[in-house]
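Participant: In my numbering, the protein residues as written are 320 to 650. Take this structure first; my questions come after.
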């Protein structure tokens with residue numbers, strides 16, 4: 320199923336959904352993402368499926384304007400109309416939906432503290448690598464062992480706010496901070512390639528080589544072990560999994576007050592929240608942690624506790640199962 324609109328392909332997808340539902344005869348039809356949500360909910364509604372759950376993992380219309388915004392809003396309204404229940408993966412995402420009048424308040428809820436999957440706290444944990452293996456990975460990546468590492472994990476695209484991260488790094492360099500940058504993830508588009516090239520390269524790392532880009536990796540867990548801070552300068556989210564992964568790994572996170580991201584960090588307790596689309600605010604928060612290693616460690620410990628208590632896979636899956644079976648645990 321292609322992400323972008325295609326009338327012929329989408330009609331085939333709609334009928335494929337109908338055929339699958341008729342064959343399986345499920346008690347619940349659940350779908351997420353804009354395309355799958357739209358086709359799945361319409362197919363289920365056309366067959367009078369009694370429970371149709373749309374899991375909302377973000378609003379693509381955020382950050383758009385003009386005709387594109389109108390079309391995306393119409394798609395969301397139609398999907399939500401065709402569903403019987405809507406699960407928003409974060410409180411701020413639910414608020415954003417209601418502020419735009421896309422559905423009724425009684426129809427949309429958040430399960431637990433948010434997140435649609437939680438995090439595997441066995442895979443992501445502070446002691447995943449011992450000191451020797453951690454040092455070996457740093458050396459393999461070309462990172463100095465005694466200089467703080469600010470990391471980014473995720474797809475490199477405009478929506479992740481990378482241009483503001485690059486500008487924040489330039490500001491930090493100008494302020495005399497010493498740090499290294501590790502970027503883990505593949506480049507989505509040419510614009511992001513240009514942004515990646517805009518990071519300062521000659522003065523903020525001990526080797527003068529600039530940031531380290533790994534490209535896409537099969538397992539991100541080891542890379543958190545060589546970071547001191549995770550930065551997610553995102554412009555919009557549903558609920559960012561990388562924040563949970565970093566917290567489970569013992570890292571403090573600096574993110575923004577964008578939809579979804581703002582729910583993933585307890586400001587001043589498990590990380591710091593900067594203003595969205597503000598390189599100055601981002602630099603101020605990152606600089607605050609670079610200057611205070613004790614605060615870094617304290618925030619990281621609190622983040623690990625927070626994730627373990629509220630966002631483990633087992634807990635999130637249990638709440639989700641209970642909701643599907645009984646319709647409970649909503650907010």
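Cβ coordinates follow ideal geometry from the N, Cα and C atoms, glycine included.
Return the CA-CA distance between residue 616 and residue 380, expressed in angstroms with no decimal places.
Facilitator: 37 Å
Participant: According to DSSP, simplified to helix, strand and coil, what is residue 428?
Facilitator: strand
Participant: Can you check the stretch 488-551 for any alpha helix (DSSP H) of at least 4 residues that lies completely inside it and give the ranges in chain order?
Facilitator: 509-515, 540-543
Participant: Three Cβ pairs or more, each shorter than 8 Å: is that satisfied between the stretch 582-591 and the stretch 604-621?
Facilitator: yes
Participant: In this structure, does DSSP put residue 607 in helix, strand or coil?
Facilitator: helix
Participant: Sorted by chain position, which residues of the same chain lie with C-beta nearer than 7 Å to residue 359's C-beta, five sequence neighbours on each side aside?
Facilitator: 336, 348, 350
Participant: Below 8 Å on the Cβ atoms is my contact criterion, and I expect residue 430 with residue 639 to pass it. Report the Cβ-Cβ distance as a whole number of Å.
Facilitator: The beta carbons of residue 430 and residue 639 sit about 6 Å from each other, so the pair counts as a contact at 8 Å.
Participant: Check whether the stretch 400-417 and the stretch 555-571 are in contact - that is, three or more C-beta pairs closer than 8 Å.
Facilitator: yes
Participant: For residue 407, list the residues DSSP reports as bridge partners.
Facilitator: According to DSSP, residue 407 bridges with 375, 429.
Participant: If we call anything under 7 Å between Cβ atoms a contact, is residue 554 one with residue 504?
Facilitator: no
Participant: Considering only C-alpha positions, which residue in the set 496, 489, 542 is nearest to residue 516?
Facilitator: 489
Participant: Per DSSP, which one or two residues make a beta bridge with residue 475?
Facilitator: 506
Participant: Quick check on the burial criterion: 16 or more other C-beta atoms within 10 angstroms. Buried or exposed for residue 573?
Facilitator: buried
Participant: Should residue 572 be flagged as near chain B, meaning a C-beta pair shorter than 7 Å?
Facilitator: Within the model displayed, chain B is absent; a lone protein chain is all it includes.
Participant: Can you give the Cα-Cα distance for residue 478 and residue 382, rounded to whole angstroms?
Facilitator: 9 Å
Participant: Between the beta-carbon of residue 402 and the beta-carbon of residue 371, is there less than 7 Å?
Facilitator: Against a cut-off of 7 Å, the Cβ pair of residue 371 and residue 402 comes out as a contact.
Participant: For residue 508, does the count of other Cβ atoms within 10 angstroms reach 16, so buried, or fall short, so exposed?
Facilitator: Residue 508 comes out exposed.
Participant: Given a cut-off of 7 Å on the beta-carbon distance, is the pair residue 569 and residue 619 in contact?
Facilitator: yes
Participant: Can you give me the C-alpha to C-alpha distance between residue 632 and residue 378, rounded to a whole angstrom?
Facilitator: 24 Å
Participant: Reducing DSSP to helix, strand and coil, say where residue 334 ends up.
Facilitator: helix
Participant: Determine the closest residue to residue 355 out of 343, 346, 368, 374, with distance taken between C-alpha atoms.
Facilitator: 374
Participant: Counting along the chain, where does the alpha helix (DSSP H) carrying residue 350 start and finish?
Facilitator: Per DSSP, residue 350 belongs to no alpha helix (DSSP H); it is in the beta strand (DSSP E), 348-351.
Participant: Spell out the partners DSSP gives residue 468 in its beta bridges.
Facilitator: 499, per the DSSP bridge assignment.
Participant: Report buried or exposed for residue 486, applying the criterion of at least 16 other Cβ atoms within 10 angstroms of its Cβ.
Facilitator: buried
Participant: For residue 629, which residues of its own chain have a beta-carbon under 8 Å away from its beta-carbon, when the five flanking residues on both sides are left out?
Facilitator: 431, 432
Participant: With distance defined between alpha-carbon atoms, name the residue in 352, 584, 604, 602 nearest to residue 622.
Facilitator: 584
Participant: What does DSSP give as the partner residue(s) for residue 561 in the beta ladder?
Facilitator: DSSP, once it has assigned bridges, lists no residue as partnering residue 561.
Participant: To the nearest angstrom, report how far apart residue 414 and residue 636 are at their CA atoms.
Facilitator: 23 Å
Participant: Hey, out of 400, 437, 368, whose CA is closest to residue 344's CA?
Facilitator: 368
Participant: If residue 502 and residue 566 are in contact, beta carbons under 8 Å, what's the gap, nearest whole angstrom?
Facilitator: In fact, because the Cβ distance is near 19 Å, the residues do not count as touching under 8 Å.
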